[in-house]
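Read in the working numbering, the sequence shown has 4 at position 22, and its numbers run on one by one without any break.
From the three backbone atoms N, C-alpha and C, an ideal C-beta is built for every residue, glycine too.
Bear in mind that the values here come from a model prediction, so they are computed numbers and not experimental data.
Note sheet for the following structure.
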Amino acid sequence: MQTDMQSKENCAVCGRALVYGTEEVTKNCDFCGNEYPALIYCPEGHYVCDTCHSRATLDILRDVLESTKSADPAEILEKVMSHPSVPMHGPEHHAMVPAVIVAAVKNAGYPVPEGAVEKAIERGSKVPGGWCGFYGVCGGAIGVGTAVSVLTGATPLTGEARSLANEATAFALGKMFDGAPRCCKRASRKSLEAAVEFLKKRMDIHLNTGEKVKCRYAARNRECIKEACSYYDISSV
Ligand SMILES: [Zn+2]
Ligand SMILES: [Zn+2]
-17 MQTDMQSKEN CAVCGRALVY GTEEVTKNCD FCGNEYPALI YCPEGHYVCD
33 TCHSRATLDI LRDVLESTKS ADPAEILEKV MSHPSVPMHG PEHHAMVPAV
83 IVAAVKNAGY PVPEGAVEKA IERGSKVPGG WCGFYGVCGG AIGVGTAVSV
133 LTGATPLTGE ARSLANEATA FALGKMFDGA PRCCKRASRK SLEAAVEFLK
183 KRMDIHLNTG EKVKCRYAAR NRECIKEACS YYDISSV
C-alpha cells in the first residue's frame, strides 16, 4: 500500500490509518449497519458511513451556530473545528463551510431566508467524503456555492441566482489548485476566504475578517504540506 493512499485520519473503530481506494468496495457501516459502496475504509475491514462519521460534528456545528454572535466566518469555523470530537478530515467539513458563511451573513445583520442556516447544514452534509479527489470538486468550494444558493433562494430554474451560485463555487474552487493531498482544514479556510471576497465583490455583503489563522492541526495531518501552506505555524508542531 502506498503512503499517499493512507491518511492520518484514522479508523474510528480501531485507530488504524484509513485506506483511500480507487475501486469501490461494498461495506457495512460499523455503527448503523447499512450497506454502502465505499472508497475510504479501514484496512481491518471497519467502515463508518458519512452520516455516522459526521453526526457528532453536526451537533457541535448546530450548537456553535445557535450561540455565536460572530460575523467573522473564520472565527466561527475555528471554534467548531477546535472541538475534540471533530475529525481532522471528512465530509462534516462540507456542512461546516456553507453553514458558517450563512450564519456569519446573518450575524452581520443582513437579511437571510427563514431556516437558512439549517438548510445550509442539510445541503452541505449531503456532499460525500473524498469528493475533491474522486469527483474533481472540493466539497468546501461546493459549500461556497451552496451558501450563495441558500442566501439568494436559487433553484435549478432561477437564472441569475443559479448562475451566481455556480460562479461562487468556481471562484472558490479556483483557490484549491495547490498540487497537494487534501487537507479539510486548509480547504475549509480557503473556502471561507473565497466566500468573503466573493460576497463583497458580487453581492455587496461585507463580513468581518480577523487575523490570519494559524493552524494547530499540523501534527494530526500526515499529509500536511507544512511551509507550503499559508496557515502552517511551526510553533504549533
Ligand atoms: Zn479499523
Ligand atoms: Zn453509519
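Classification of residue i by the beta-carbon crowding that lies within 10 angstroms, buried from 16 upward
{"i": "A201", "result": "exposed"}
{"i": "T137", "result": "exposed"}
{"i": "M(-13)", "result": "Annotation note: pLDDT 37 at M(-13) (below 50); position unreliable, coordinate value reported separately. Under this definition M(-13) is an exposed residue."}
{"i": "Y29", "result": "buried"}
{"i": "L139", "result": "exposed"}
{"i": "G135", "result": "exposed"}
{"i": "C(-4)", "result": "exposed"}
{"i": "H188", "result": "exposed"}
{"i": "F180", "result": "buried"}
{"i": "G127", "result": "buried"}
{"i": "Y117", "result": "exposed"}
{"i": "V79", "result": "buried"}
{"i": "F153", "result": "buried"}
Candidates the options: closest to residue i by CA position
{"i": "D215", "options": "C206, C197, N203 and R204", "result": "C197"}
{"i": "S131", "options": "E179, V94, A210 and R144", "result": "R144"}
{"i": "S218", "options": "A210, S212, Y199 and P19", "result": "Y199"}
{"i": "D32", "options": "T134, V46, E48 and G15", "result": "G15"}
{"i": "P25", "options": "S107, A85 and C(-7)", "result": "C(-7)"}
{"i": "R164", "options": "T4, G91, G112 and P19", "result": "G112"}
{"i": "K51", "options": "A90, S107, F13 and I83", "result": "A90"}
{"i": "I103", "options": "V46, R184, P93 and F116", "result": "V46"}
{"i": "E205", "options": "C166, D186, Y23 and M63", "result": "C166"}
{"i": "M63", "options": "V84, S36 and V87", "result": "S36"}
Integer-rounded CB distance, given that residue j should sit under 8 Å from residue i
{"i": "G255", "j": "D54", "result": "It is not possible to answer for residue 255, since the shown part of the chain is limited to -17 through 219."}
{"i": "K157", "j": "A176", "result": "5 Å"}
{"i": "E6", "j": "A20", "result": "6 Å"}
Chain C contact for residue i (CB, 8 Å cutoff)
{"i": "S52", "result": "Of the chains in the structure shown, none is chain C; there is only one protein chain."}
Practice prompt. Jot down the residue ranges of each uninterrupted beta strand (DSSP E) in the region 9 to 41, minimum 3 residues, whole runs only, in chain order.
Written response: Restricted to the region 9 to 41, the beta strand (DSSP E) segments that are unbroken, complete and at least 3 residues in length are 17 to 23, listed in chain order.
Worksheet item: Can we say the region 146 to 162 touches the region 57 to 65, given the rule of at least three CB pairs closer than 8 Å?
Response: Contact fails: fewer than three Cβ-Cβ distances are below 8 Å.
Practice prompt. Inspect the CB distances between the region 25 to 44 and the region 61 to 74 and report whether three or more fall short of 8 Å.
Written response: Yes, the region 25 to 44 touches the region 61 to 74.
Worksheet item: Do the region -5 to 2 and the region 73 to 81 make contact, defined as three or more Cβ pairs closer than 8 Å?
Response: Verdict: no, contact absent.
Fill in: the region 109 to 123 in contact with the region 163 to 182 per 3-pair CB rule at 8 Å
With a cut-off of 8 Å, the region 163 to 182 and the region 109 to 123 count as touching, because enough Cβ pairs lie within range.
Worksheet item: Which full runs of the alpha helix (DSSP H) of 4+ residues lie inside the region 128 to 198, going along the chain?
Response: Listed in chain order, the complete alpha helix (DSSP H) runs (minimum 4 residues) inside the region 128 to 198 are 142 to 155 and 166 to 185.
Fill in: Contiguous beta strand (DSSP E) assignments of at least 3 residues, all confined to the region 59 to 89
With a minimum length of 3 residues, no continuous beta strand (DSSP E) run stays inside the region 59 to 89.
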